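Okay, structure first, notes after.
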Amino acid sequence: MNYPIFFTIPSKSIFPYKSTSFKLFSVSMNDHLDFYHDCNDVTRIDAIESLTEYGSKLKFKPKAKVIEVGCADGSVSNILFQHLPKDIELLLSCDKNEKAVQFAKEHYKNNKTAYRVLDIEGDLPEDLKGKFDNFISLMTFHWVPQQEKAFRNVYDLLAEDGECFLTLKSYSHIYHMFVLQSKSRKWGPFMKNMKNFLSPYYDLSMPDQHIAKILKNVGFKNIDVRSKQKMYTFKNLEKFRGLMIGVNPFKVPENEFENYIDDLMETARTLRIIDEENGTLSFLFNMNIVHCTK
């Protein structure tokens, strides 16, 4: 049986980099990396928890070459690097977003980490195939609609006996908020690509079994997929609002965007995840932990 994990998000960012100010409009992580960086403590905290809990189970060869997919702003890549053995040869951190890769290069450089644009659903460059001892991706694969294609690419990136470790979301209160908002007459027309935003496992009762089946079909062995329910609490509603702005993928007219976020916060209230008395918000999500070898 899986028990929920509870963690409180501080009202101020726990990371030192300060973002610049900006004007509210139809934004996503693609457009405003500064803002995403300042608001996305959840992913970074989860990365620390996952690597602390499961890091000892991972096996690294001497001078291992490690590839990470979903580096985004580079802050999680930096956390990952601190949890890797000191003798790794390379950490190649990748994202399909060119702006994210450039941001990561500028803010999280070191002599063993390189950054590169890569779409895990696309055609792999020949120079990357079979070159890596470890594949790691933290809270990214729920953004990938073509799961089997992506896992086949993971398989092809790994050398023989290479190891894959990743975490991803299935269900989340946040997903449910956006689903409810997409059914409104006002916002529905701007949210037609909802399936590209939701985890592919959003409405599955046993996502771990579904993921394990895909991995087996691809050819992975020693497959271990687990589910865990977690709860995060924001002590500051503006911090949560900022995160919603940072992850929003939908193109809403600039002059309506603030109203759109206001309504999203009202949707959160209908789900009773906001404590008005304390000014906090707590949301649940289900995380899947994947470990397998080639």
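If you're matching positions, the sequence shown starts at 1 in the UniProt record's numbering and goes up one per residue. The beta carbon of each residue, even a glycine, is placed where N, CA and C say it ideally should be. None of these values were measured; they are calculated from a predicted model.
CB contact flag (residue i, residue j, <8 Å)
{"i": "Lys65", "j": "Leu90", "result": "yes"}
{"i": "Asp73", "j": "Ala47", "result": "no"}
{"i": "Tyr202", "j": "Ser170", "result": "yes"}
{"i": "Thr267", "j": "Met177", "result": "yes"}
{"i": "Trp187", "j": "Tyr232", "result": "no"}
{"i": "Gly58", "j": "Glu163", "result": "Sequence inspection shows Leu at residue 58; the Gly mentioned does not correspond to that position. Contact flag set, yes."}
{"i": "Ala159", "j": "Glu121", "result": "no"}
{"i": "residue 359", "j": "Phe81", "result": "In the structure as shown, the chain begins at 1 and stops at 294. Residue 359 is therefore absent and cannot be evaluated."}
{"i": "Tyr108", "j": "Asn153", "result": "no"}
{"i": "Ser50", "j": "Leu118", "result": "no"}
{"i": "Lys279", "j": "Leu215", "result": "A small correction: the amino acid at residue 279 is Gly; Lys does not occupy that position in the sequence shown. No; because the gap between Cβ atoms is not below 8 Å, this pair is not in contact."}
{"i": "Ser199", "j": "Tyr175", "result": "yes"}
{"i": "Phe190", "j": "Lys96", "result": "no"}
{"i": "Asp87", "j": "Lys63", "result": "yes"}
{"i": "Cys292", "j": "Lys221", "result": "yes"}
{"i": "Leu271", "j": "His173", "result": "yes"}
Neighbourhood of residue i by C-beta, 8 Å cutoff - its chain only, sequence neighbours within 5 removed
{"i": "Ala212", "result": "Ile223, Val225"}
{"i": "Leu157", "result": "Ile67, Leu124, Leu128, Lys129, Gly130, Lys131, Phe132, Phe135"}
{"i": "Lys183", "result": "none"}
{"i": "Gly219", "result": "Tyr155, Lys294"}
{"i": "Leu281", "result": "Thr233, Phe234, Leu237, Phe240, Ala268, Ile273, Ile274, Asp275"}
{"i": "Lys61", "result": "Asp133"}
{"i": "Asn217", "result": "Glu148"}
Same chain, Cβ closer than 6 Å to residue i, five either side skipped, listed in chain order
{"i": "Phe141", "result": "Leu166, Leu168"}
{"i": "Tyr115", "result": "Ser93, Val101, Ala104, Lys105"}
Local Cβ density within 10 Å of residue i, reported as buried at 16 or more and exposed below that
{"i": "Gly55", "result": "exposed"}
{"i": "Pro207", "result": "buried"}
{"i": "Gly70", "result": "buried"}
{"i": "Thr113", "result": "buried"}
{"i": "Gln147", "result": "buried"}
{"i": "Pro253", "result": "exposed"}
{"i": "Lys239", "result": "buried"}
Contact set for residue i: own chain, Cβ-Cβ below 7 Å, skip 5 residues either direction
{"i": "Leu180", "result": "Thr267"}
{"i": "Glu98", "result": "Val117"}
Whole beta strand (DSSP E) elements within the segment 245–284, 3-residue minimum: none
Secondary structure, alpha helix (DSSP H): runs of 4+ residues fully inside the segment 99–177: 147–157
Stretch pair the segment 142–151 + the segment 255–266: three plus CB contacts closer than 8 Å: no
3 or more residues per run - each beta strand (DSSP E) lying fully within the segment 176–237: 221–234
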